[in-house]
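See below for the structure under consideration.
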Amino acid sequence: MLLALGLTACTENKSAPAPTPPPVVVVPPAATNADAKDYNQYTELKWGDEFDGGALDQTKWGYDLGNNNGWGNRELEYYTNSPDNAYVSGGNLSIQAKKEAQGGFNYTSARLLTKGKQDFKFGRLDVRAKLPKGQGIWPAIWMLGSDIDQNNWPKCGEIDIMELRGQDPTKILSTMHFPDNAGAHLYKGIDKVALPGNASFADDFHVFSVVRSQNQMRFFIDGQQYYSFSASDATIYPFNNPFFLVLNLAVGGDFLGNPDAATIGTTPFPQQMTVDYVRYYQYK
């Protein structure tokens with residue numbers, strides 16, 4: 015009887031349903047700054063300059079000096095580190111081009127850069143600035159690959175966030191420079207980007223932004239996207255690497271012609287590009 019009961023019990027155990035396994039929860043990988051985000055999702059301020067002090071913060075900015083054979087464009091300015099050419103006042107940075115002789119050239123100006131002080135990779139970089147206007151006046155907000163001393167231009171890459179030809183202050187352009195497989199210079203971008211109503215960039219401040227993620231860059235004015243560039247647009251894509259920022263005001267050259275080239279006396283000096291702030295945000 016005990017044996018029969020034991021066999022019966024064993025049979026009943028074998029027919030019992032197996033326990034239901036717990037559900038499998040798939041946890042998506044955490045988002046990183048390499049992933050593309052909406053413009054407003056970049057909320058963590060990582061670096062910036064509000065230009066609220068009495069002088070340029072040289073822990074954040076350095077200078078390019080001289081003319082360097084026209085900087086490859088036959089430009090006419092001689093860059094200095096003089097406070098006459100770059101100064102902080104009233105919460106703004108002013109980069110000023112002046113008509114004065116120095117170093118064998120007839121104009122002085124300033125070219126500021128974060129090289130060796132701050133690199134930028136993935137995230138959103140904002141520069142709020144008011145631009146100058148006038149024949150032969152060339153303000154620029156741009157970036158160069160931080161490895162430029164090891165990989166010469168264009169191999170290091172160049173990101174022109176904003177350039178303006180002063181004789182047409184209603185249009186800006188954005189351009190990427192990169193190498194082909196043989197190391198020769200290639201470029202691609204967008205020209206003649208205008209504000210609503212064709213307003214002048216010299217009349218007010220605007221925020222010029224680039225959002226960089228893995229294999230993609232997007233360009234914005236005042237939070238409105240106007241251009242994107244991805245790895246498929248370049249033969250070689252160096253833009254996933256760290257870059258440093260450059261702010262400068264050039265005079266003349268092949269890109270836009272020289273001051274007064276159209277009508278003598280139409281380009282007043284001094285000229286200023288005024289920067290309210292520079293801010294670099296990441297997702298987290």
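In my numbering, each residue carries its 1-based index in the sequence shown increased by 14.
Even glycine gets a Cβ: it sits at the ideal position worked out from N, Cα and C.
Assigned secondary structure, residue i (DSSP; H/G/I helix, E/B strand, else coil)
i      : result
Asn83  : helix
Gly76  : strand
Gly68  : coil
Gln285 : strand
Asn106 : strand
Ala100 : strand
Gly211 : helix
Tyr297 : coil
Gln342 : Any answer about residue 342 is impossible in this case: the structure gives the chain only from 15 up to 298.
Tyr56  : coil
Arg269 : Sequence inspection shows Phe at residue 269; the Arg mentioned does not correspond to that position. It is coil, neither helix nor strand.
Residue i to residue j span [Cα, whole Å]
i      : j      : result
Arg138 : Val102 : 24 Å
Ser123 : Thr94  : 6 Å
Gly80  : Asp274 : 23 Å
Ser227 : Ala115 : 43 Å
Gly84  : Leu261 : 17 Å
Arg293 : Gly271 : 32 Å
Residue burial classification, residue i (beta-carbon count within 10 angstroms, cutoff 16)
i      : result
Val38  : exposed
Thr46  : exposed
Glu58  : exposed
Pro193 : buried
His220 : buried
Phe249 : The amino acid at residue 249 is misidentified as Phe; the sequence shows Thr. Exposed.
Ser242 : exposed
Thr288 : buried
Nearest-angstrom Cβ-Cβ length linking residue i and residue j, presumed shorter than 8 Å
i      : j      : result
Leu145 : Leu178 : 5 Å
CB contact check: residue i to chain D, cutoff 7 Å
i     : result
Asn87 : Note that chain D does not occur in the displayed structure, where there is just one protein chain.
Starting from the N-terminal side, write out each stretch of the alpha helix (DSSP H) that is 4 residues or longer and does not extend beyond the segment 215 to 267. Those alpha helix (DSSP H) runs which fall completely within the segment 215 to 267 and span 4+ residues do not exist here.
Quick check for students: name the residue ranges of the beta strand (DSSP E) that lie wholly in the segment 131 to 175, counting only runs of 3 or more. Complete beta strand (DSSP E) runs here, min 3: 137 to 144 and 151 to 159.
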